[in-house]
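Peer 1: Numbering (our numbering), first residue to last: 302 to 1043.
Positions of the beta carbon are idealized from the N, C-alpha and C atoms, including for glycine.
A single structure is presented below for examination.
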Amino acid sequence: MRTQPIANKNTARKFSDGQKSQATAKNTAAEAKKPHKTEILQGRWGMKQARKRNLSLQERKKWLCRLIFTALYLLLGWQYLYAADATFTWTANTETNLAGYKIHYGKTSRNYESVLLVPKTETTATITDLTPGITYYFAATAYDTDNFESDYSTEVFWTAQISNTPPVATNGSLETTLGNSASGTLNATDADGDSLTYSIASNGSMGSAIITNVATGEFIYMPNTDAIGADSFTFTASDGNSQSNLATVEVMIAEKPANIPPVAVIQYQLPVDSPFTAELSGVASSDADGEIVSYQWNFGDGSTASGPSSNHTYSVNGQYTVSLIVMDNSGAISQDVASITIVGDIENISPVAAFTATVSPDNSAQWVFDGTASDDPDGEIINYSWNFGDGEIGSGTMTEHRFLISGVYSVTLFVLDNDGGTARKVVDIEVTVPPFIMETGEVSVDGDWQWVPFSEPIENPVVVAEPASDNDKTSGVIRIADVQRTGFNIRFQNWEYQQVVEHANENVGYIAMESGSYVLENGVRVEAGTFATANSESFAQKDFARQFNTVPVVLTAVNTVNESSAVTGRVRNVTAAGFEYMLQEQNSSDQIHQQETISYIAWEPSAGILGDLVYEVRKTEEEVTDEWFGINFNTLFGLSPVMLAGMQTTDDDDPASLRYQLLTATGMQIKVDEEQSVDSDASHLAESVGYIVFGTIEKTISGLTADADQDNDIDGVDLLNYIGGTSPLSLEEIAAQFGLVR
């Protein structure tokens, strides 16, 4: 910026007539040079005041103002604007006492921070170093040799333009192979140093480029399937103000070369302070045309590991052959082996026992024990032994156990490692055994479904019902369905070969029991549960949740109707640990049946009292056939005992079920009823039959009841003792005291 001081003069400007005419001529010429654009500063040219020889101060300032108005009009008419520079050009004024011009400017209207002094001899002035993007306000004044200065001209404003150089994108190239993507970075420069963003303009016909980072130009190129040859794509870069030229990246897709297999290399050392631990490394392995994606170690002692490096501790002295197999990203493999000798006294590190105990959501007496968290740092655990704290033991990494009595149990896990080291873990658990809930009764059924409600809801009911009476000679089976917490459906279903749906009413005893394992007050074990099976061509083993002390009587029932065909279940090989079971359709069928849910109740042979019930559980020898067989009860029951029975053997595998008659307080008759879909032979080999009978104490003796309050009534006490199995008297002697038995 060119500036110069203004000289202070007190002499006033004077004009002669000749000067007037000269000024007029100059100004007329200047008027002719005005551009024909909208006037930014409205100024009028005139020299009437100049004719006066003696001008007042106000008049001289007005004259100077007119002068600068004219000058600024010319100035703005011919200005040239550059980035951060403003240049003003005008026609020179020839007035003799004109000293110069001032261009005032600033960033606020009429608040000028700077001034440019322009000599009167200059017709061009440039204001430099303006900040791009900032609006500036300009006004001009003129001053003469007497240091008189005009008022400000009309103000104009202008925003300094921001200069920008577009970025320049550079062509590039890329190579890849058939079916393989390739990555790269696009390149562009910006002279102004602006940040750039990249974008793909167009893709070729053989593949596509995708920018993964718009700020850096990183991209990935993915060729089309089976594409081979030359391809290209174009891109541009932008600095936010301008976009670059279009640049091209040439792509060459070559055929995929044959894979070079990797090279496996084992490096190892035996530290002095730990001579039994081999520090093994495979990081020296390499792959010339790809990368190694898998490292598999075999330590020669039966142990394996994976990964580029591994430390392994040996537990026995000797020489071991260690192998490392590496695989590259194309599936090729390579192997290296090394011989390692272990010498010295190896001290076994004991294993660590650990386990979790989780109660089953279906039964609070059933617990799951998991010992997989146990560990042996220098070998392996070869044995897991469990003590459940209730006299029962188990084995295996994981095991289940059902407790029979509520209480706190200390469960212990013992582990043994391959060097004889042992460890144990003890966890105390609090067990809540569900209460023994059972409901029994007798129902009259025919060929139609009948709903049997429970007197109280049973959360997880197990229902068995068998056998049917023999009122209708049509052979068939008892079917149960829709077992719910409030009851179940039951009916008699004839075998299909008889082509008869209707069936006369039959009496059937049933038991509904809460699922679980129980110990009754007299120490007798009972278990109720369910399982699913579709075995109709062979027997399958079903284990009890808890092993019994003696072989129980097992009663079963099909509890679903997933297939409409008549079906029954057969039992054999009943032991204290479990039993075998199979479904049976009539002989003429294909013996293929859909999966059904089976309920079972297992009860140790016994007799006793359950609340207001007396019961007896027994089984016969293998002597029940297709002929009626009489059974005498050992317990004195009343008029209407409830009886359930089931075959405990399958000595004859013809499909059959049980039927009964003449059920009284002292006994019954029972037989095996075979179906005859293939032939008319109804004979059946002898089977063992188990049965459960229930009666009420109040109905046991005619005309009297047992002395339930134990008030030394000898007869009542004798009866209760007999029922409990502790009376020295016989049933006949007790019955004689009460009168006739009903």
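For tryptophan 379 and leucine 487, I'd like the C-alpha separation in whole angstroms.
Peer 2: Caution is warranted here: a pLDDT of 37 is assigned to tryptophan 379, below 50, making its placement in the model unreliable, and the coordinate value is therefore given only provisionally. Whole-angstrom Cα-Cα distance: 46 Å.
Peer 1: Would you mind working out which of Val584, Met628 and Glu743 sits nearest proline 609, comparing C-alpha positions?
Peer 2: Per the Cα distances, Val584.
Peer 1: Looking at the unbroken beta strand (DSSP E) that takes in alanine 257, where does it start and where does it end?
Peer 2: Residue coverage of the chain in this structure runs from 302 to 1043, which leaves residue 257 outside it and unanswerable.
Peer 1: Using only CA atoms, which one of Gly494, Thr432, Ala441 and Ile529 lies nearest to threonine 477?
Peer 2: Selected option, being the one with the closest Cα: Ile529.
Peer 1: Starting from serine 640, follow the beta strand (DSSP E) in both directions and report where the run begins and ends.
Peer 2: Start and end: 634 to 643.
Peer 1: Counting along the chain, where does the beta strand (DSSP E) carrying threonine 409 start and finish?
Peer 2: Looking at the DSSP string, threonine 409 is not in any beta strand (DSSP E), and its letter there is neither H nor E.
Peer 1: Starting from asparagine 808, follow the beta strand (DSSP E) in both directions and report where the run begins and ends.
Peer 2: Residues 807 to 815.
Peer 1: What residue from Ala559, Ser451 and Ser543 has the CA that sits closest to aspartate 491's CA?
Peer 2: Nearest C-alpha to aspartate 491: Ser543.
Peer 1: For valine 764, count neighbouring Cβ atoms within 10 angstroms of its own Cβ and tell me buried if that reaches 16, exposed if not.
Peer 2: Answer is buried; the Cβ neighbour count reaches 16.
Peer 1: Taking contact to mean at least 3 C-beta pairs separated by less than 8 Å, is the region 921 to 932 in contact with the region 745 to 756?
Peer 2: Contact fails: fewer than three Cβ-Cβ distances are below 8 Å.
Peer 1: Should tyrosine 961 and aspartate 771 be called a contact, given that it needs their Cβ atoms to be closer than 8 Å?
Peer 2: The answer is yes: Cβ separation under 8 Å.
Peer 1: Please go through the same chain and pick out, in chain order, the residues whose beta-carbon is closer than 8 Å to the beta-carbon of threonine 409, but skip the five residues on each side of it.
Peer 2: Counting only Cβ-Cβ distances below 8 Å, and skipping sequence neighbours, we find Tyr438.
Peer 1: Can you check whether the CB of tyrosine 522 is closer than 8 Å to the CB of leucine 475?
Peer 2: In contact: leucine 475 and tyrosine 522 (Cβ atoms closer than 8 Å).
Peer 1: Apart from the five residues just before and just after proline 762, which ones in its own chain have a Cβ nearer than 8 Å to its Cβ?
Peer 2: Taken in chain order, the residues that qualify are Phe755, Val784, Gln785, Arg786, Phe789, Ala813, Met814, Glu815 and Ser816.
Peer 1: On the criterion of 16 or more Cβ atoms from any shown chain inside 10 Å, does proline 468 qualify as buried, or is it exposed?
Peer 2: With 16 or more Cβ atoms within 10 Å of its Cβ, proline 468 is classed as buried.
Peer 1: For serine 696, list the residues DSSP reports as bridge partners.
Peer 2: Note: serine 696 sits in a beta bridge opposite Ser686.
Peer 1: In whole angstroms, give me the CA-to-CA distance for isoleucine 428 and valine 416.
Peer 2: About 9 Å.
Peer 1: Excluding the 5 residues flanking threonine 723 on each side, which residues of the same chain have their C-beta closer than 8 Å to its C-beta?
Peer 2: Taken in chain order, the residues that qualify are Ser651, Pro652, Phe715, Val716 and Leu717.
Peer 1: Identify which residue in Arg411, Ala538, Ala393 and Leu418 has its Cα closest to the Cα of lysine 403.
Peer 2: The shortest Cα separation from lysine 403 among Arg411, Ala538, Ala393 and Leu418 belongs to Leu418.
Peer 1: Across the region 430 to 444 and the region 508 to 516, are there enough close Cβ pairs to call them in contact, namely three or more that are closer than 8 Å?
Peer 2: Verdict: no, contact absent.
Peer 1: Compare the Cα-Cα distances from methionine 699 to each of Leu959, Val566, Val669 and Tyr413 and report the closest residue.
Peer 2: Checking every option, the nearest Cα to that of methionine 699 belongs to Val669.
Peer 1: Alpha carbon to alpha carbon, how far is valine 854 from proline 906?
Peer 2: Computed Cα separation, rounded: 7 Å.
Peer 1: Note down the Cα distance separating proline 562 from glutamine 570, rounded to an integer number of angstroms.
Peer 2: The alpha-carbon atoms of proline 562 and glutamine 570 are separated by roughly 27 Å.
Peer 1: So is lysine 557 buried or exposed if we call it buried at 16+ other beta carbons inside 10 Å?
Peer 2: Exposed: under 16 other Cβ atoms inside 10 Å.
Peer 1: If you run the structure through DSSP and keep just helix, strand and coil, what is glutamate 797?
Peer 2: Helix.
Peer 1: Can the beta-carbon of threonine 614 be found less than 8 Å from the beta-carbon of threonine 578?
Peer 2: Cβ atoms of threonine 614 and threonine 578: closer than 8 Å.
Peer 1: CB-CB under 6 Å to valine 827, same chain, minus the five flanking residues each way: which ones, in chain order?
Peer 2: Same-chain partners within the cutoff: Tyr819 and Trp904.
Peer 1: To the nearest angstrom, report how far apart threonine 861 and alanine 782 are at their CA atoms.
Peer 2: About 5 Å.
Peer 1: Out of Ser607, Ala559 and Asn472, point me to the one whose CA is closest to alanine 548's CA.
Peer 2: Among Ser607, Ala559 and Asn472, the Cα nearest to that of alanine 548 belongs to Asn472.
Peer 1: Identify which residue in Asp974, Leu937, Pro735 and Ala987 has its Cα closest to the Cα of threonine 967.
Peer 2: Comparing Cα positions, the closest option is Leu937.
Peer 1: Quick one: what's proline 754 bridged to in DSSP?
Peer 2: Note: proline 754 sits in a beta bridge opposite Gly788.
Peer 1: Quick one: grab the DSSP three-state call for histidine 702.
Peer 2: The answer is strand: DSSP assigns histidine 702 an E or B state.
Peer 1: Round the Cβ separation of glutamine 799 and serine 837 to the nearest angstrom and send it over; I've been treating them as touching at under 8 Å.
Peer 2: With 8 Å as the limit, glutamine 799 and serine 837 do not qualify as a contact, their Cβ atoms being about 20 Å apart.
Peer 1: Drop a sphere of 10 angstroms on the beta-carbon of arginine 725, count the other beta-carbons inside from all chains shown, and report buried for 16 or more, exposed for fewer.
Peer 2: It counts as exposed.
Peer 1: Name the one or two DSSP bridge partners that asparagine 488 has.
Peer 2: DSSP output for asparagine 488 lists Thr471 as bridge partner(s).
Peer 1: Quick check on this structure: which residue in Glu701, Ser776, Ser745 and Gly692 has the alpha carbon closest to the alpha carbon of alanine 658?
Peer 2: Among Glu701, Ser776, Ser745 and Gly692, the Cα nearest to that of alanine 658 is on Glu701.
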